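One structure is given here, and the rest of the page talks about it.
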Amino acid sequence: MLKIKGLEVKLEEEDKQILKGVDLSIAPGTVHAIMGPNGSGKSTLSYVLSGKDGYEVTGGSAALEGEDLLDMEPEDRAAAGLFLAFQYPVEIPGVGNMTFLRTAVNAQRKSRGEEELSAGDFLKEVRAKAKDLKIDADMLKRPVNVGFSGGEKKRNEILQMAMLEPKMCILDETDSGLDVDAMKLVSEGVNALRSEGRSFLVITHYQRLLDHIKPDIVHIMANGRIVKSGGPELALEVENNGYADILAEVA
Amino acid sequence: MALAKLKIDTTEARLADVVVPQGAAWGNAARADAMARVRQMGLPTKRDEYWKYTDPASLTAAESPEAALFVNDEGPLFENVDRVKIVFVDGFFDADASDDLSAEGVEIERLSDAMATDIHWAKDLYGVLETRGQTPVERPLAALNTALATDGVVIRVTGKAAKPINFIYLHNDTSSDAILHNLVKVEAGAEVTLLETGPAAARFSKQLEVEVADNGTFHHVRAQGRDHERRAVTHCFARIAANSTFKSFTLTFNGVLTRNECVLEIVGDDAVAHVAGVCVGDGRDFHHDDTVFITHDALNGESRQVFKKVLRNGATGVFQGKILVKAGAQKTDGYQISQSLLLDEDSQFLAKPELEIYADDVACSHGSTSGAIDETALFYLRSRGVSHDDARNLLTLSFLAEALDEIDDEGLAEELRDRLEGWLSRHS
Numbered sequence: 004m005l006k007i008k009g010l011e012v013k014l015e016e017e018d019k020q021i022l023k024g025v026d027l028s029i030a031p032g033t034v035h036a037i038m039g040p041n042g043s044g045k046s047t048l049s050y051v052l053s054g055k056d057g058y059e060v061t062g063g064s065a066a067l068e069g070e071d072l073l074d075m076e077p078e079d080r081a082a083a084g085l086f087l088a089f090q091y092p093v094e095i096p097g098v099g100n101m102t103f104l105r106t107a108v109n110a111q112r113k114s115r116g117e118e119e120l121s122a123g124d125f126l127k128e129v130r131a132k133a134k135d136l137k138i139d140a141d142m143l144k145r146p147v148n149v150g151f152s153g154g155e156k157k158r159n160e161i162l163q164m165a166m167l168e169p170k171m172c173i174l175d176e177t178d179s180g181l182d183v184d185a186m187k188l189v190s191e192g193v194n195a196l197r198s199e200g201r202s203f204l205v206i207t208h209y210q211r212l213l214d215h216i217k218p219d220i221v222h223i224m225a226n227g228r229i230v231k232s233g234g235p236e237l238a239l240e241v242e243n244n245g246y247a248d249i250l251a252e253v254a
Numbered sequence: 017m018a019l020a021k022l023k024i025d026t027t028e029a030r031l032a033d034v035v036v037p038q039g040a041a042w043g044n045a046a047r048a049d050a051m052a053r054v055r056q057m058g059l060p061t062k063r064d065e066y067w068k069y070t071d072p073a074s075l076t077a078a079e080s081p082e083a084a085l086f087v088n089d090e091g092p093l094f095e096n097v098d099r100v101k102i103v104f105v106d107g108f109f110d111a112d113a114s115d116d117l118s119a120e121g122v123e124i125e126r127l128s129d130a131m132a133t134d135i136h137w138a139k140d141l142y143g144v145l146e147t148r149g150q151t152p153v154e155r156p157l158a159a160l161n162t163a164l165a166t167d168g169v170v171i172r173v174t175g176k177a178a179k180p181i182n183f184i185y186l187h188n189d190t191s192s193d194a195i196l197h198n199l200v201k202v203e204a205g206a207e208v209t210l211l212e213t214g215p216a217a218a219r220f221s222k223q224l225e226v227e228v229a230d231n232g233t234f235h236h237v238r239a240q241g242r243d244h245e246r247r248a249v250t251h252c253f254a255r256i257a258a259n260s261t262f263k264s265f266t267l268t269f270n271g272v273l274t275r276n277e278c279v280l281e282i283v284g285d286d287a288v289a290h291v292a293g294v295c296v297g298d299g300r301d302f303h304h305d306d307t308v309f310i311t312h313d314a315l316n317g318e319s320r321q322v323f324k325k326v327l328r329n330g331a332t333g334v335f336q337g338k339i340l341v342k343a344g345a346q347k348t349d350g351y352q353i354s355q356s357l358l359l360d361e362d363s364q365f366l367a368k369p370e371l372e373i374y375a376d377d378v379a380c381s382h383g384s385t386s387g388a389i390d391e392t393a394l395f396y397l398r399s400r401g402v403s404h405d406d407a408r409n410l411l412t413l414s415f416l417a418e419a420l421d422e423i424d425d426e427g428l429a430e431e432l433r434d435r436l437e438g439w440l441s442r443h444s
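Order-wise, the sequence lines are chains Z and H. Quick note on the working numbering: the first sequence kicks off at 4 and runs consecutively. Quick note on the working numbering: the second sequence kicks off at 17 and runs consecutively.
Structure (structure tokens):
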């Protein structure tokens, strides 16, 4: 599904190398988790993959189902099936949540050469999916993320994911700012979307999210590289012993 | 002193050959009085504090600069609104193109007919609010309009008007110089919506005087046409009585020069006065100026000024807005916001927000900002599959939303929003 080879990235405006050769291959239908200490480059990886400005790729490649991602505009990456659930979802005053969702869904359908969803079909689908995430009619009407609590914002991200039906979902610290109940709700939303044709990359500091969204493979990232990969037990090791042991071991 | 003298001499020279239209007795007196005020004040120049950001030279020149005609492929606005159409072509009333001027709840007459009637309510309004609006800031171009208006319509609203009244201003002559003066008198408890659409002329001077009596309601929605080369100076003077509502919204596309002055006076308790505007301009030759002055002279008044401008490719936007709260106007709630979205570094927004308060129990706030498109929000939208241009347009509309929300009638607002979307997609 997603193939990253030797990806090297620096900040555009300063001479600071963030990613120093990331290799990662995610098979269809699998869930990968990336853990790592602050500043290891986890969020940068998610931004570079989704096309945020401010980064310069100095080497390597990233492809989604064989298509080179790095040359594409962010909207084309989305249409190709990539989705990033933001760590800090952006508030957009003046744009209704429902309008935003419909614009996004139809923009992607259009760029894939599919028919736009009719207002009725869209409404039916959005209501059903919102209900599962306990998003009420008021939240759908309000401007995008404006005045939403931390939990509401993250649920709204998952709703967008459910509506857009991407192939490759990247979750950037989706657990940050969530209480236990909200984390459970968000995880259930993610798990409901797990399918053979859809892969996930879950970026997190803590093992507890992985109790809910069970990964197939766990990677440890440090200093711009993936330094160790393993099964779910690797996350438990981090939880129990911290990163120090692992980092010392690979150093 | 020398400057003041020079200004008066220049004004005298400019007005030497000007002929004040003649009509009936009270009209002639009002015009003569207005002309005397123009002579005493002198025509504005860029040296005047009130014209610091906008050069009035092309508005005061003897000849109107030419303006190419523009064919609007979008068709006229408000076609599906059941309304009384009153058509002016290059500043002259066109009876054939207009609807029958009768509708339930309103009495509509041509200004010249009203002036030909010795005893007429219009006598107590024509140039009267304009004269009141000359202090504390002089507005000589408004007085000039009162003196020279060649046409216009006077409307008395006696009940709930059955349908909106739409002034349609057509521009068919590349060098037309139109001077219109309209009056609206909303009687106690009466209610009307006035629509104004179109560019009107190569150069357009327009004045609207509105009197809203107790419990009256006046809604005003205006769209100033898409002609690129037209110039306009417009004045709206309103006196707002107890428990009454005045709401005015203006949408401006294009135009070389637009100066919209709005002078509102709340004279009765518990009254509401809102004035809002959206302008979108593209290019170095776009200059748009909103100048607003709201006076609170009664208890518990509420006023709002909401102005938003989208500027690109070197366009200029100006906002001069003032809230004056007189002594005794307690419990006043005044709000003023003026914001610009600068789509590039060449465009500029010049703002002068002012508060002057002589009462101690009031809530007044004002804010003014200039900013670019929020890159984070832009990326967020694009990461969801929305194209760069669509995302920028969506964010632009969201920037304008607060001003558009000032239009109470959702249908009218929707139509203007559609036009804005059209403009944005053409100017991507």
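Idealized CB from N, CA, C, for every residue including glycine. Predicted, not measured: the structure shown is a model, and the values here were computed from it.
- Item | Contact with chain H by residue 46 (chain Z), beta-carbon distance below 9 Å | Counted from its first residue, the first sequence places residue 46 (chain Z) at position 43. Residue 46 (chain Z) is outside the set of residues whose beta carbon lies under 9 Å from a beta carbon in chain H.
- Message: Measuring straight from C-alpha to C-alpha, what distance separates residue 154 (chain H) and residue 90 (chain Z)?
- Response: In the second sequence, residue 154 (chain H) corresponds to position 138, counting from 1. In the first sequence, residue 90 (chain Z) corresponds to position 87, counting from 1. Approximately 55 Å, taken between the alpha carbons.
- Interface partners of residue 107 (chain Z) on chain H, CB under 8 Å: Stepping through the first sequence from its first residue, residue 107 (chain Z) is reached at position 104. The contacting residues are 397, 400, 401 and 402.
- Query: Counting pairs of Cβ atoms below 8 Å between the stretch 174–185 of chain H and the stretch 308–318 of chain H, do you hit three or more?
  - Reply: No contact exists between the stretch 174–185 of chain H and the stretch 308–318 of chain H.
- Looking at chain A, which residues of the stretch 145–167 of chain Z have a Cβ within less than 8 Å of any of its Cβ atoms? Included in the structure are the protein chains Z and H, with no chain A among them.
- For a contact meaning CB atoms closer than 7 Å, what does residue 415 (chain H) contact in chain Z? For the purposes of this step, residue 415 (chain H) is taken as residue 399 along the second sequence, with counting starting at 1. Within chain Z, the residues near residue 415 (chain H) are 97.
- Message: Taking a contact to mean a Cβ-Cβ separation below 9 Å, would you say residue 103 (chain H) touches residue 119 (chain H) in this structure?
- Response: Position 87 of the second sequence, counted from the first residue, corresponds to residue 103 (chain H). Position 103 of the second sequence, counted from the first residue, corresponds to residue 119 (chain H). Not closer than 9 Å, so no.
- Mind listing the chain H neighbours of residue 114 (chain Z)? Cutoff is C-beta to C-beta under 9 Å, in chain order. Working through the first sequence from its first residue, we reach residue 114 (chain Z) at position 111. Within 9 Å Cβ-Cβ: 401 and 403.
- Task: Check the Cβ of residue 410 (chain H) against every Cβ in chain Z and list those closer than 7 Å, keeping chain order.
- Result: Within the second sequence, numbered from 1, the residue matching residue 410 (chain H) stands at position 394. In chain order: 98 and 106.
- Message: Taking 8 Å as the cut-off, does the stretch 52–65 of chain Z touch the stretch 373–381 of chain H (at least 3 CB pairs, one atom from each stretch)?
- Response: No: the two stretches stay apart, fewer than three of their Cβ pairs being nearer than 8 Å.
- Count the other CB atoms within 10 Å of the CB of residue 239 (chain H); is the residue buried (16 or more) or exposed (fewer)? Counted from its first residue, the second sequence places residue 239 (chain H) at position 223. Residue 239 (chain H) is buried by the Cβ-count criterion.
- Item | Complete runs of the beta strand (DSSP E) confined to the stretch 195–244 of chain H [at least 3 residues] | Counting only runs of at least 3 residues, the stretch 195–244 of chain H fully encloses the following beta strand (DSSP E) elements, listed from N- to C-terminal order: 207–213, 219–228 and 233–239.
- Query: Nearest-angstrom Cα distance between residue 46 (chain Z) and residue 294 (chain H)?
  - Reply: By 1-based counting over the first sequence, the position of residue 46 (chain Z) is 43. By 1-based counting over the second sequence, the position of residue 294 (chain H) is 278. Taking C-alpha positions only, residue 46 (chain Z) is separated from residue 294 (chain H) by approximately 39 Å.
- Message: For residue 58 (chain Z), report the span of its alpha helix (DSSP H) as first-last.
- Response: As a working mapping, residue 58 (chain Z) is identified with position 55 in the first sequence. Looking at the DSSP string, residue 58 (chain Z) is not in any alpha helix (DSSP H); the run it does join, the beta strand (DSSP E), is 58–67.
- Does DSSP put residue 153 (chain Z) in a helix, in a strand, or in coil? Reading the first sequence from its first residue, position 150 is the one you call residue 153 (chain Z). Residue 153 (chain Z): helix per DSSP, three-state reduction.
- Task: Determine whether the Cβ of residue 81 (chain Z) lies closer than 9 Å to any Cβ atom of chain H.
- Result: Sequence index remark: in the first sequence, residue 81 (chain Z) carries index 78 (1-based). The beta-carbon of residue 81 (chain Z) is placed less than 9 Å from the nearest beta-carbon of chain H.
- Find the residues of chain H that neighbour residue 203 (chain Z), judging by a C-beta separation of less than 8 Å, and give them in chain order. The sequence position of residue 203 (chain Z) within the first sequence is 200, counting from 1. Listed by position along chain H, the residues whose Cβ is nearer than 8 Å to that of residue 203 (chain Z) form an empty set, because the closest Cβ is around 16 Å away.
- Integer Cβ distance of residue 104 (chain Z) from residue 163 (chain Z), believed to fall under 8 Å: Residue mapping note: residue 104 (chain Z) aligns to position 101 of the first sequence, counting from 1. Residue mapping note: residue 163 (chain Z) aligns to position 160 of the first sequence, counting from 1. At roughly 7 Å, the Cβ-Cβ gap stays under 8 Å, so residue 104 (chain Z) and residue 163 (chain Z) are in contact.
- Query: Can the beta-carbon of residue 158 (chain Z) be found closer than 9 Å to that of residue 205 (chain Z)?
  - Reply: In the first sequence, the residue the question calls residue 158 (chain Z) occupies position 155. In the first sequence, the residue the question calls residue 205 (chain Z) occupies position 202. Cβ distance not < 9 Å, so residue 158 (chain Z) and residue 205 (chain Z) don't count as in contact.
- For the putative contact between residue 324 (chain H) and residue 418 (chain H), defined by C-beta atoms under 8 Å, what is the C-beta separation to the nearest angstrom? Counting from one through the second sequence, the residue named residue 324 (chain H) turns up at place 308. Counting from one through the second sequence, the residue named residue 418 (chain H) turns up at place 402. Right, the Cβ-Cβ distance comes to about 7 Å (below 8 Å), so this counts as a contact.
- Determine the chain H residues that contact residue 110 (chain Z) at a beta-carbon separation under 7 Å, and present them in chain order. Mapped onto the first sequence, residue 110 (chain Z) falls at position 107. Ordered by position in chain H, the residues that pass the 7 Å Cβ test against residue 110 (chain Z) are 401, 402, 403 and 406.
- Query: Whose Cβ in chain H lies nearer than 9 Å to the Cβ of residue 89 (chain Z)?
  - Reply: Here residue 89 (chain Z) refers to the residue found at position 86 of the first sequence. Those are 396 and 399, listed as they occur along chain H.
- Query: Are any of the Cβ atoms in chain Z nearer than 9 Å to that of residue 385 (chain H)?
  - Reply: Counting from one through the second sequence, the residue named residue 385 (chain H) turns up at place 369. Closer than 9 Å: no.
- Within 10 angstroms of its Cβ, does residue 430 (chain H) collect 16 or more other Cβ (buried), or is it exposed? Reading the second sequence from its first residue, position 414 is the one you call residue 430 (chain H). Answer is exposed; the Cβ neighbour count stays below 16.
- Message: On a Cα-Cα basis, can you pick out the residue from H:61, H:38 and H:47 that is closest to residue 20 (chain H)?
- Response: For the purposes of this step, residue 20 (chain H) is taken as residue 4 along the second sequence, with counting starting at 1. Restricting attention to H:61, H:38 and H:47, the CA atom closest to the CA of residue 20 (chain H) is found in H:61.
- Chain-ordered neighbours of residue 55 (chain Z) on chain H, where CB pairs are closer than 7 Å: As a position in the first sequence, residue 55 (chain Z) is number 52, starting the count at 1. Correct list: 395.
- residue 422 (chain H) touches chain Z at which residues, Cβ-Cβ below 8 Å? The residue you call residue 422 (chain H) lines up with position 406 of the second sequence. Neighbours of residue 422 (chain H) on chain Z: none; closest Cβ ~13 Å, over 8 Å.
- Item | Closest residue to residue 129 (chain Z) among Z:116, Z:143 and Z:117 (Cα-Cα distance) | Within the first sequence, numbered from 1, the residue matching residue 129 (chain Z) stands at position 126. Distances from the CA of residue 129 (chain Z) to each of Z:116, Z:143 and Z:117 were compared; the closest alpha carbon is that of Z:143.
- Task: Along the beta strand (DSSP E) that carries residue 396 (chain H), what are the first and last residues, could you check?
- Result: As a working note, residue 396 (chain H) is residue 380 in the second sequence. Not the beta strand (DSSP E): residue 396 (chain H) falls in the alpha helix (DSSP H), residues 391–398.
- Does DSSP put residue 8 (chain Z) in a helix, in a strand, or in coil? To locate residue 8 (chain Z), count along the first sequence from 1; it is residue 5. Residue state, collapsed to three classes: strand.
- Task: Determine the burial state of residue 84 (chain Z): buried for a count of at least 16 other Cβ atoms within 10 Å of its Cβ, exposed for fewer.
- Result: On the first sequence, residue 84 (chain Z) is found 81 positions in, with the first residue counted as 1. With 16 or more other Cβ atoms within 10 Å, it is buried.
- On the DSSP bridge assignment, give the partners of residue 327 (chain H) in chain order. Taking the second sequence and counting its residues from 1, the one referred to as residue 327 (chain H) is at position 311. The secondary-structure analysis by DSSP pairs residue 327 (chain H) across a beta bridge with H:297 and H:358.
- Who pairs with residue 289 (chain H) in a beta bridge, going by DSSP? The residue given as residue 289 (chain H) occupies position 273 in the second sequence. For residue 289 (chain H), which the question treats as bridged, DSSP gives the partners H:262 and H:319.
- Whose C-alpha, out of H:81, H:170 and H:362, is nearest the C-alpha of residue 123 (chain H)? As a position in the second sequence, residue 123 (chain H) is number 107, starting the count at 1. Nearest option by C-alpha distance: H:170.
- Message: Quick check on residue 24 (chain H): does DSSP put it in helix, strand or coil?
- Response: The residue labelled residue 24 (chain H) in the question sits at position 8 within the second sequence. Of the three classes helix, strand and coil, the one that applies to residue 24 (chain H) here is helix, per DSSP.
- Message: Suppose you measure from the CA of residue 49 (chain H) to the CA of residue 195 (chain H); what does that come to, to the nearest Å?
- Response: By one-based count along the second sequence, residue 49 (chain H) stands at place 33. By one-based count along the second sequence, residue 195 (chain H) stands at place 179. So the two alpha carbons sit approximately 17 Å from each other.
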